[in-house]
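Scroll down for the structure; my scribbles are underneath it.
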Amino acid sequence: MKRVLSRAVEALRGLLFPRSCVFCGKPEPGGVCGECKLSLPWYGEPTTLTVDGAALPVTAPLRYEGLARGALLRFKFHGRVRAARPFASLMAACVRNLLPEFDAIACVPLSLTRRLRRGYNQTRLLADALSRELDGAPVISPLRKRVRVANSSLGAEQREQNTQGAFRLKRSASLAGLRVLLVDDVLTTGATIRECVRVLRGGGADVVGAVTLCAVARNQKAED
Ligand SMILES: [Zn+2]
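FYI, the numbering for the sequence shown is 239 to 462, going by the working numbering.
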């Protein structure tokens with residue numbers, strides 16, 4: 239409990255006062271220093287995932303390597319939640335440039351046990367910060383995740399199988415006709431995004447696209 243509280247305090251402080259570059263740690267009030275802007279593994283290309291035979295537009299500002307991978311792992315596993323705002327600012331640029339209009343932002347959920355252990359859902363933090371960057375499109379949480387083996391320990395084919403049925407719609411979810419942007423932290427094989435899109439569509443949502451902070455390039459080994 240104490241750990242969760244101290245993480246919450248760190249989370250709040252971090253969200254209010256981002257003071258150093260989230261990628262290299264040098265003092266930088268804006269969150270991303272000039273040097274990193276030049277040397278980050280930029281991606282930012284429109285790509286597509288095939289979901290039930292149709293193409294879904296997906297984009298990410300960064301490749302999942304080097305400084306970007308390190309910063310994402312610190313954000314995800316080591317409580318560096320202050321990175322959410324600068325990360326979301328990079329993601330927002332991709333969304334504005336590459337994705338269609340939407341009404342609401344939905345994030346990929348964590349299972350309850352994992353969220354309690356970690357103290358936060360990093361993808362929810364990204365979605366909230368992205369909403370602020372994009373002038374307040376509401377963040378919705380229509381999905382819940384069932385407890386499963388972590389995808390990071392599995393190969394691509396096993397991931398796809400493990401992910402099937404991993405997400406459910408909450409009973410309270412009201413999605414009919416809603417244009418939804420899906421947010422996740424990293425695009426690896428696409429299994430998680432595909433499954434979330436299927437479930438959201440099953441609930442009547444029109445999923446217009448997905449954005450992640452990082453994407454694994456095709457020649458990279460997939461991992462979470
Ligand atoms: Zn830097």
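Every residue gets a Cβ at the ideal spot worked out from N, C-alpha and C, and that includes glycine.
Looking at residue i and ligand 1, is the gap between the Cβ and the nearest heavy atom below 7 Å?
i: Glu303; result: no
i: Phe261; result: yes
i: Glu283; result: no
i: Glu339; result: no
i: Cys452; result: no
i: Cys274; result: yes
i: Glu266; result: yes
i: Cys434; result: no
i: Cys345; result: no
i: Cys332; result: no
Quick one: using the 10 Å Cβ neighbour count with 16 as the cut-off for buried, is residue i buried or exposed?
i: Val385; result: exposed
i: Leu350; result: exposed
i: Phe315; result: exposed
i: Arg463; result: Lying outside 239 to 462, the shown extent of the chain, residue 463 is not represented and no answer is given.
i: Arg397; result: buried
i: Arg463; result: Examination of residue 463 is not possible in this model, given that the chain is present from 239 through 462 alone.
i: Glu461; result: The predicted position of Glu461 is uncertain, since its pLDDT is 48 and thus under 50; a value taken from the coordinates is nonetheless stated next. The residue is exposed, with fewer than 16 neighbouring Cβ atoms inside 10 Å.
i: Pro265; result: exposed
i: Gly415; result: exposed
i: Gly393; result: exposed
i: Leu451; result: buried
i: Asp366; result: buried
i: Asp290; result: exposed
i: Pro284; result: exposed
i: Asp373; result: exposed
i: Thr286; result: exposed
i: Ala344; result: buried
i: Ala453; result: buried
If I follow the unbroken alpha helix (DSSP H) through residue i, where does it start and stop?
i: Ala443; result: Taken as a continuous stretch (DSSP letters only), Ala443 belongs to no alpha helix (DSSP H), as it is neither H nor E.
i: Val333; result: 322–336
i: Asp366; result: 360–371
i: Ala394; result: 394–401
Helix, strand or coil for residue i, going by three-state DSSP, please let me know.
i: Val270; result: coil
i: Arg353; result: helix
i: Ala455; result: coil
i: Thr427; result: coil
i: Glu461; result: At Glu461, the pLDDT of 48 sits below 50, so the modelled position is not reliable; the number obtained from the coordinates is stated separately. DSSP places Glu461 in coil when its eight states are reduced to three.
i: Ser258; result: strand
i: Arg312; result: helix
i: Leu287; result: strand
i: Ala305; result: According to the sequence as given, residue 305 is Leu; it is not Ala. Note: Leu305 maps to helix in three-state DSSP.
i: Leu276; result: helix
i: Arg417; result: strand
i: Leu348; result: coil
i: Thr450; result: strand
So the beta strand (DSSP E) residue i belongs to, where does it begin and stop?
i: Phe405; result: 405–407
i: Leu381; result: 381–383
i: Val296; result: 292–297
i: Ala344; result: 342–345
Taking residue i and residue j to be in contact with their CB atoms under 8 Å, please state how far apart those CB atoms are, rounded to whole angstroms.
i: Leu368; j: Val421; result: 6 Å
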